[in-house]
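Accompanying notes for the structure given below.
Number of protein chains: 2
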Amino acid sequence: MGMQRTPLLMSRLIERGAALSPDTEVVTATETGTRRQTNRETLRRAHRLAHALDNADIGIGDRVGVFMWNGSRHLETYGALAGMGAVVHNLNVRLPPKDIEYIVNHARSKLIIADADILGLLEPLAGRLPTVEKVVVAVEEGFEDWSTGLPGAIDYEDFIAPWPDRFEWPPLSETAPLGLCYTSGTTGDPKGVEYEHRSQYLHTMAMCVTDAMALSATDTVCGIVPMFHVMGWGMPWATLMLGCKQVLPHRFTNPQRLARLMADEGVTLATGVPTIWQGVMESCKDHPEAYDLSLLSRIVSGGSAVPPSLARWYWEALGVEMIQEWGMTETSPLATFSRRVPRTATPPSDTAPTEYLTEVAKAGQALPGLEVEVFDKDFNPLPHDGQSTGEIMVRGPWVCAEYYRNPQPGNFHGDWLITGDVGKIDRDECLILSDRSKDLVRSGGEWISSVDLENHILALAGVAKACVVAQPHPKWEQRPVALIVVEEGASVGKTQVIAHCLDRFAKWQLPDDVLRVESIPLTSTGKMDKKAVRADLSAAGYLLPDLRTPGSRQCVLSPGAGSA
Amino acid sequence: MGMQRTPLLMSRLIERGAALSPDTEVVTATETGTRRQTNRETLRRAHRLAHALDNADIGIGDRVGVFMWNGSRHLETYGALAGMGAVVHNLNVRLPPKDIEYIVNHARSKLIIADADILGLLEPLAGRLPTVEKVVVAVEEGFEDWSTGLPGAIDYEDFIAPWPDRFEWPPLSETAPLGLCYTSGTTGDPKGVEYEHRSQYLHTMAMCVTDAMALSATDTVCGIVPMFHVMGWGMPWATLMLGCKQVLPHRFTNPQRLARLMADEGVTLATGVPTIWQGVMESCKDHPEAYDLSLLSRIVSGGSAVPPSLARWYWEALGVEMIQEWGMTETSPLATFSRRVPRTATPPSDTAPTEYLTEVAKAGQALPGLEVEVFDKDFNPLPHDGQSTGEIMVRGPWVCAEYYRNPQPGNFHGDWLITGDVGKIDRDECLILSDRSKDLVRSGGEWISSVDLENHILALAGVAKACVVAQPHPKWEQRPVALIVVEEGASVGKTQVIAHCLDRFAKWQLPDDVLRVESIPLTSTGKMDKKAVRADLSAAGYLLPDLRTPGSRQCVLSPGAGSA
């Protein structure tokens, strides 16, 4: 044995930031302002929480459901559970009660830590969660008078108060479980992915390489991506390791409040889905002088494709570099990052460089250690020519090997995870997403990318949001339909959208219809919910224009919506 | 099993750079200019070399001695051996023949790959290396007519010519050996450290985190640190993984040539010991307009302490950030990096910020995953107060567990490696080196840091180099003596040096003597060779001033040297 066989445990990483930067702050947004504590205090409180959990009979490998917004207590929960060898079971607060019930019972979580303001969402489950013995309630300003029918409820502060601030983290196998996250469940029951210490340790190291997001201890990080879903893209672990200043928005994720928080706290790096960045952009446009975001240098956007028009605005208006990442619950979740383009040494240019706009529109290159390939239907790898489109498959040390208590071998091919996403890889090894398989439009034996259409439509002045979905067609199988949200005062209609799309798309790729709507429904993780859009169209009896009989009434999707 | 158990093999990292940046160049300095090939060609040639080695009966775990300067063929050797599971056995070309003989025989290397220009250094060993069956000779311009008495000699190009450019890297255990490097051997026989795939994989990931040196695929890297020693600080692995442009100086390491090479190739990041940077600085001062180093942004310096005056010059004259690293053969070798200090958004200031100069003088913070502590003589950990000085000890997944075929348990305490370096840790978790244990001056029961004295003396105008060593004293045990190299035309003497030192040091810490010398001898890895300095003083019959009898002659160290 030449070298030490130190196990790759998260407990070896999460103490580091507080040691290096003990006085750096963790800031949590509250009703009236912010709540602040230091990294040292956060770590000490995590140790006390570990004692309290240990005393509540939570041991190595036990699942603890965490039903919380991004805040300092959520961060403490990550630290305590990782250190003591218990499992952080992410509970998405936006899921319907029946899904939460399924997930908690499937995971057999023994305890739930929940924010008081969303305790009501769990109330319908009182008496339906047989494994849950205790609920620890984290109370923020304005929710001191909580009550619940859930068993063994106790205030978070009362729970940790009696305990000392040093817990001896136990030795563990590096493949011991660390986390459990269920996929949003587009079809069938939600499926759980069980993260391990080794996998998340390697994921944490990989996401901290310069070429991912250049994350540094000198950053002030605002993780808007919920920590209740897919480990908040790994940001909590990375920031605990590095000792960054952290700014956590809690439940205050409306765009104005986010912009204000980022400005007040001097945020340099923020993470979130494109819909968040659309909202912040609109707030900034509405109040041009209100938010000083001059310290903001990078935005990491993922979960769905980054519209180039959005990236252009952030570069040109704020001097901010947008970085697209791609990944999924099954990949811990970070897999690829759009390629770094060296910025000129001078301050950001007024016009975003073409090279940058090209790169940020791609999902990008795989993090070191991970392999991404595109395969045809017979599982033959396709060439990396920027043309050949197929099923995206992934393997590597932070990719799941099976689902929790529900292996689902059909989702794997050998050691490759079949992602359900469709795309191509170019000569620079950049992954370019076409779509989720189920969101592609299959027309006449060809595929039409709804993402490409959406991005192009978004670049049309006056269009605030665009969503393209497939609609059934007896001859072509499917045809695309575009839904658009139009900016106030703008008058964009089908004619303009189609004319604009003709600049780039072939006639057969154009949407058959363009519908003006007031809003696009979002999923629990903030992406456009195309499943809901398709269901709405179906419920409204929507028909493609060439299938309508003369005089038939057009569907109405939502108040004020209609064919543009 | 929740997550994939992908073994951490270097073969999974070293192919990445060539895939991401196939057309990016590997540039090797030659007698008359440079030799250039792409990353893609480098990787293909590595695969061909693997075939040739396989055909020469080199298998998994076999040691291959590599006796080469930094160049593209050396890089190919790293790639081939790592991929095929053989062992890169670093042979330091500056070691005396008897050490090379010991090392090759102790490692039982089966084959040696050597540069033709230094083949002569191996000739005395012909017939004395029983395990070596073959010598592969890499020929650069001007050395085409090589010959050797070593067995089975073949030209590198002839060796790889017949083979295809795709070798199927075999599956390996992640703890399979990857490299073997012997410590320079200050006392006793050289000791070998056997690196493993897992340890170097984790080391590679850690050195690529932003807070180490912000290494990126967008960098043009000049690794001046020899790849024949301690894996060239891991730079070859990191650059293969990232796909950086690489500039390799081969045997042309005189300061003028290095400055020219870095300027011509647009180097952004370079690595080397402080003596290299002293030399490059002097070249730049001598020829102020000769070298355009405007693209150079970071210098990583290690192996011995970074004098703050040097860091100040690079910042103020070139706008270059110097980063100190500390490590050793036993730590793969990178362990700590001086703390990042956020640079102002504006171009480098004319005056280096105090905070930066303070940080760069420290060895810095441990890379994530590694633990560094300071212990007293009874192995009690000392507080991190910036005051308590003791033995530096290290543990973690890229720290050696024992020496190769020579365990030396006395160098370990539990799983801690006893480094032989002495230092302290401050409240920011920054390691501050005092000295190698053997280089500290023990005077009257107290320790005097030779490094602190040297750094202070170097800040005196007119002093080009400074070296402080201990000399025996019957009353105080030891007393410090300073050797200085004075810049041409400057007249610095003992009086000025002592007066200057009084600004900062107590009287008992002042050197008892200041000797002007023409040069300071260097070790095989480019550090000041204090062992040689002490031996020279002893051989010259040097006595401390208060031990001299009246009228005794002062020692002369080298032509022109003498008491200043």
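So the protein sequences, as listed, match chains A and B. Position one of the first sequence corresponds to residue 165 (the numbering used here), numbered consecutively onward. Position one of the second sequence corresponds to residue 165 (the numbering used here), numbered consecutively onward. We put the CB at the ideal spot given by N, CA and C, even for glycine.
Identify which residue in 358/A, 422/A and 609/A has its Cα closest to the Cα of residue 413/A. It is 422/A whose Cα lies nearest to the Cα of residue 413/A.
So for residue 369/A, helix, strand or coil by DSSP? DSSP places residue 369/A in helix when its eight states are reduced to three.
Cα-Cα separation, residue 271/B to residue 637/B: C-alpha separation (whole angstroms): 42 Å.
Is residue 628/A helix, strand or coil when you go by DSSP? Three-state result, residue 628/A: strand.
Chain A contact for residue 609/B (CB, 8 Å cutoff): At a cut-off of 8 Å, the C-beta of residue 609/B has no neighbouring C-beta in chain A.
With 7 Å as the C-beta to C-beta threshold (strictly closer), list the residues of the stretch 551–579 of chain B near chain A in chain order. Flagged, chain order: 559, 560, 561, 562, 563, 564, 565, 566, 568 and 579.
Can you confirm whether residue 360/B, when its beta carbon is compared against all beta carbons of chain D, has any partner nearer than 8 Å? The structure shown has no chain D; the protein chains it does contain are A and B.
Please list the terminal residues of the continuous alpha helix (DSSP H) segment that includes residue 224/B. Note, residue 224/B: premise wrong, no alpha helix (DSSP H); not H, not E.
For residue 632/A versus residue 679/A, is the C-beta distance shorter than 8 Å? No, they are not a contact pair.
Closest to residue 434/B by CA distance: which of 380/B, 453/B, 473/B and 454/B is it? It is 380/B.
For the stretch 366–384 of chain B and the stretch 230–245 of chain B, state whether three or more C-beta atom pairs, one from each stretch, are separated by less than 8 Å. The stretch 366–384 of chain B makes no contact with the stretch 230–245 of chain B: fewer than 3 CB pairs, one atom from each, lie closer than 8 Å.
Quick one: residues in its chain with C-beta nearer than 6 Å to the C-beta of residue 406/A, no 5 flanking neighbours on either side, listed in chain order? Listed in chain order, the non-local C-beta contacts of residue 406/A below 6 Å within the same chain comprise 181 and 381, local neighbours out to five positions each way being set aside.
Could you tell me which uninterrupted alpha helix (DSSP H) segments, each at least 4 residues in length, are contained entirely in the stretch 644–711 of chain B, listed from first to last along the chain? Here the runs fully enclosed are 658–666 and 694–703.
Residue 710/B versus residue 677/B: straight-line alpha-carbon distance, rounded: Rounded to the nearest whole angstrom, the CA to CA distance from residue 710/B to residue 677/B is 10 Å.
Cα-Cα separation between residue 171/B and residue 561/A, rounded to whole angstroms: Each residue's alpha carbon lies about 8 Å from the other.
Extent of the continuous alpha helix (DSSP H) run through residue 203/A: Note, residue 203/A: alpha helix (DSSP H), 203–219.
Tell me whether residue 572/B is buried or exposed, calling it buried when 16 or more other Cβ atoms sit within 10 Å of its Cβ. Under this definition residue 572/B is an exposed residue.
In three-state DSSP terms, what is residue 497/B? Here residue 497/B sits in coil by DSSP.
Tell me, please, whether the stretch 385–392 of chain A touches the stretch 544–560 of chain A by the rule of three or more beta-carbon pairs shorter than 8 Å. No, because fewer than three Cβ pairs between the stretch 385–392 of chain A and the stretch 544–560 of chain A fall closer than 8 Å, the two stretches do not touch.
Nearest to residue 408/B (by Cα), restricted to the options 186/B, 222/B, 654/B and 524/B: The alpha carbon of residue 408/B has as its nearest neighbour, out of 186/B, 222/B, 654/B and 524/B, the alpha carbon of 186/B.
For residue 450/A and residue 480/A, which I take to be in contact (beta-carbon distance under 8 Å), what is that distance rounded to the nearest angstrom? Contact between residue 450/A and residue 480/A does not hold, since their C-beta atoms are separated by about 17 Å, which reaches or exceeds 8 Å.
Members of the stretch 178–193 of chain A near chain B, C-beta cut-off 7 Å: For the stretch 178–193 of chain A, which is checked against every Cβ of chain B, the residues closer than 7 Å are 180, 183 and 184.
Rounded separation between residue 519/B and residue 502/B - CA only: Approximately 12 Å, taken between the alpha carbons.
Integer Cβ distance of residue 585/B from residue 607/B, believed to fall under 8 Å: Between residue 607/B and residue 585/B the Cβ distance is about 19 Å, and since that is not below 8 Å, they are no contact.
With 8 Å as the threshold, decide whether the Cβ of residue 533/A is near any Cβ in chain B. Output row for residue 533/A: interface = yes.
Please list the terminal residues of the continuous beta strand (DSSP E) segment that includes residue 341/A. Annotation for residue 341/A: the continuous beta strand (DSSP E) segment containing it runs 341–346.
Give the DSSP-derived three-state secondary structure of residue 511/B in the structure shown. The pLDDT assigned to residue 511/B is 43, lower than 50, so where the model puts this residue is not dependable, and the model offers no usable value.
Output, in chain order, the set of chain A residues within a Cβ distance shorter than 7 Å of residue 592/B. Those within 7 Å of residue 592/B in chain A are 184.
Is the CB of residue 354/A under 8 Å away from at least one CB in chain B? Not a single CB atom of chain B sits nearer than 8 Å to the CB of residue 354/A.
Do residue 190/A and residue 203/A have their C-beta atoms within less than 8 Å of each other? The answer is yes: Cβ separation under 8 Å.
Which residues mark the beginning and the end of the alpha helix (DSSP H) in which residue 520/A is found? Its alpha helix (DSSP H) spans residues 518–524.
Within the present structure, is the beta-carbon of residue 228/A separated from the nearest heavy atom of the ligand SAM by less than 7 Å? Questions concerning the ligand SAM fall outside what the structure shown contains, since it holds no ligand whatsoever.
Rounded to a whole number of angstroms, what is the C-alpha to C-alpha distance between residue 577/B and residue 522/B? Roughly 32 Å separates the two Cα atoms.
Does DSSP put residue 248/A in a helix, a strand or coil? Looking at residue 248/A - three-state DSSP - the assignment turns out to be helix.
Span separating the alpha-carbon of residue 220/A from that of residue 403/A: The alpha-carbon atoms of residue 220/A and residue 403/A are separated by roughly 28 Å.
Suppose contacts are defined by Cβ-Cβ distances below 8 Å. Is residue 229/A in contact with residue 276/A by that definition? Result yes, Cβ atoms of residue 229/A and residue 276/A sit closer than 8 Å.
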